[in-house]
Amino acid sequence: MVEWYLFLPQVRLAVADIVERARCAEASGFDGIAFIDHLEAPGRPSESIWEAMGIATWIAASTQRLKVGHLVLCDAFRHPAVLAKQAVTLSAASGGRFELGLGSGSWPAEMARFDVGQQDPVARVDQLGRHLALIKEYWSEGERGQVPRPEHPIPLVLGGRGPRMMELVRTYADWWNLQCTHIDRLPQLAAAAGSARISVQQMVGFVRTGDDPAAVREVSNRRFGHLGPGLVCGDAGELVEYFAGLAAQRVERFYVWFADFAAPESLTEFGESVIKGLTLGR
């Protein structure tokens, strides 16, 4: 059984709108929700963006069943001892619904602007490896173990595709996520994930009942055509077939990113037609 997450960058949306979409996703059969982690909206520094752990905490408190996480938190933004404590706290408060998604950082411009982290990508990955080892220690009963210990398992989600990152995936990750812009490389990269379960991020131009397919495709491509293979457009039948093809390649979780910014109507129909359609079809 595959899992469905709503990928919802917390950019340009009021907190109330994010809560509405999260609750709609929960009611529509999604298993979880994931946010981004940036100090400025990537490529749009004048746009508003909410802090990642704060918004995740609020959404966990505003939902009942939905798992909450990120694609992904930036390692450089938080000391690992603080992040380990935050993760345990949110996991306990949500009844085990928090997952720790973590990466080395993907937007050097904001690191330079806010004087945080390192510009050298190799150094960032090396630091992530050290911090992952520390987080595991902080969660353990060893000398550095923090109190309280995790009450629930806290799944670790790592993104990335380079050899050094994939080594960290094999060593630490419960889930490996492939970014949408590289989804066409899934067959070549999947083996490098080792025993980690596989998820993919996917932008969707969803043609709802009554929509003009050409219009949906035009708007979706105008907004997100730069994602290349990361954008797929289609109606429910076409999307069920598409996601079934990914599931056949060991993908067990989909982070669905909507080209219409997750309009509640799209979430409701997607749940009824695509999520249920793939479940019944399999």
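Just so we're aligned: 226 in my numbering is position 189 of the sequence shown, and the numbers increase by one with no gaps anywhere.
Backbone N, C-alpha and C fix where the C-beta goes; we use that ideal spot for every residue, glycine too.
Distance, residue j Cα to residue i Cα
i    : j    : result
W294 : G242 : 9 Å
E88  : H75  : 7 Å
T100 : E63  : 8 Å
A296 : C270 : 9 Å
L276 : E174 : 42 Å
G80  : H263 : 13 Å
D54  : I92  : 12 Å
T305 : R181 : 46 Å
Residue i, buried or exposed, once every other Cβ within 10 Å from all chains shown has been counted against 16
i    : result
F151 : exposed
A71  : buried
M202 : buried
L315 : buried
P46  : buried
A299 : buried
G308 : buried
Residue(s) in a DSSP beta bridge with residue i
i    : result
S17  : This structure leaves residue 17 out entirely; the chain is present only between 38 and 319.
F135 : V105
Q239 : V293
Whether residue i touches residue j by CB criterion (8 Å)
i    : j    : result
L108 : G142 : no
G106 : E84  : no
F261 : Y42  : no
K313 : G66  : yes
L169 : L205 : yes
R245 : L226 : no
Q216 : Q183 : no
Inter-stretch contact (C-beta, 8 Å, three-pair minimum) for the stretch 164 to 181 and the stretch 117 to 128
yes
Pairs of beta-carbons, one from the stretch 189 to 201 and one from the stretch 123 to 131, closer than 8 Å: are there three or more?
yes
Do the stretch 244 to 260 and the stretch 219 to 234 meet, that is, are 3 or more Cβ pairs less than 8 Å apart?
no
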